[in-house]
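Asker:
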């Protein structure tokens, strides 16, 4: 594998995915790409109006995401792994798969939030949609309750 894409929402679940991806690249010499997809909320009102965040707010959101990605990339690079980070605006599941396809990624690694029942039905699962729609292999990482408790 030459190119591994790790989707991140900066949660502990994403950290588990990053840890898993790092365990794969050590012996391979692969390039790791961290991708954060900012899902910008829009609100429709009963009267037919729609609220879309201002361009300034959108720039702030992207800037914050890029700053967080830079911090993670610096930490990963210290381990001797080639890494880059990107932040885009869009639908997470759709844009993770699109990015991986457009950039020739061999593998997508994504964390799962482990939702069950009604919460999963209502919120959906980005990881599940990525698994169903990606044309390349997808590796999911689940943060166990024990590991979650141990994280700072």
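Numbering (this note's numbering), first residue to last: 289 to 440. Glycine is no exception: its CB is placed at the ideal position from the N, C-alpha and C atoms.
(1) Starting from the C-beta of residue 313, find all residues in its chain whose C-beta is less than 7 Å away, skip the five residues before and the five after it, and write them out in chain order.
(2) If you reduce the DSSP assignment to three classes, tell me which class residue 429 lands in.
(3) Check each candidate in 364, 397, 422 and name the one with the smallest Cα separation from residue 297.
(4) Just mark residue 302 as buried or exposed, buried being the case when its beta carbon has 16 or more other beta carbons within 10 Å.
(5) Along the alpha helix (DSSP H) that carries residue 354, what are the first and last residues, could you check?
(6) Does the beta-carbon distance from residue 424 to residue 388 come in below 9 Å?
(7) So, using beta-carbon positions, are residue 384 and residue 328 closer together than 9 Å?
(8) Distance, Cα to Cα, residue 411 vs residue 375?
(9) Measure the beta-carbon distance from residue 361 to residue 322 and round it to whole angstroms, keeping in mind my assumption that it falls under 8 Å.
(10) Kindly indicate which residue of 325, 338, 331 has the alpha-carbon position closest to the one of residue 352.
(11) So, using beta-carbon positions, are residue 421 and residue 400 closer together than 9 Å?
(12) Would you mind stating whether residue 373 and residue 350 have Cβ atoms separated by less than 9 Å?
(13) Just verifying my parser: in three-state terms, what is the DSSP assignment at residue 309?
Answerer: In short, the structure shows the following:
(1) Setting aside the 5 residues that flank it on each side, residue 313 is surrounded in the same chain by 292, 320, 369, each with a C-beta closer than 7 Å to its C-beta; the list follows chain order.
(2) The three-state secondary structure of residue 429, taken from DSSP, is strand.
(3) Closest by C-alpha distance to residue 297, out of 364, 397, 422, is 397.
(4) Label assigned to residue 302: buried.
(5) Counting along the chain, residue 354 sits inside the alpha helix (DSSP H) bounded by residues 343–365.
(6) For residue 424 and residue 388, yes; Cβs fall inside 9 Å.
(7) In this structure, the beta-carbon distance from residue 384 to residue 328 does not fall below 9 Å.
(8) Here the model assigns residue 411 a pLDDT of 42, short of 50, so the residue's position is not dependable, and the following value carries that caveat. A direct Cα-Cα distance of roughly 22 Å separates residue 411 from residue 375.
(9) Going by Cβ atoms, the distance from residue 361 to residue 322 rounds to 6 Å, so yes, they are a contact pair.
(10) That would be 325, whose Cα lies nearest to the Cα of residue 352.
(11) Their beta carbons are not under 9 Å apart, which means residue 421 does not touch residue 400 by this criterion.
(12) No; because the gap between Cβ atoms is not below 9 Å, this pair is not in contact.
(13) Helix, per DSSP.
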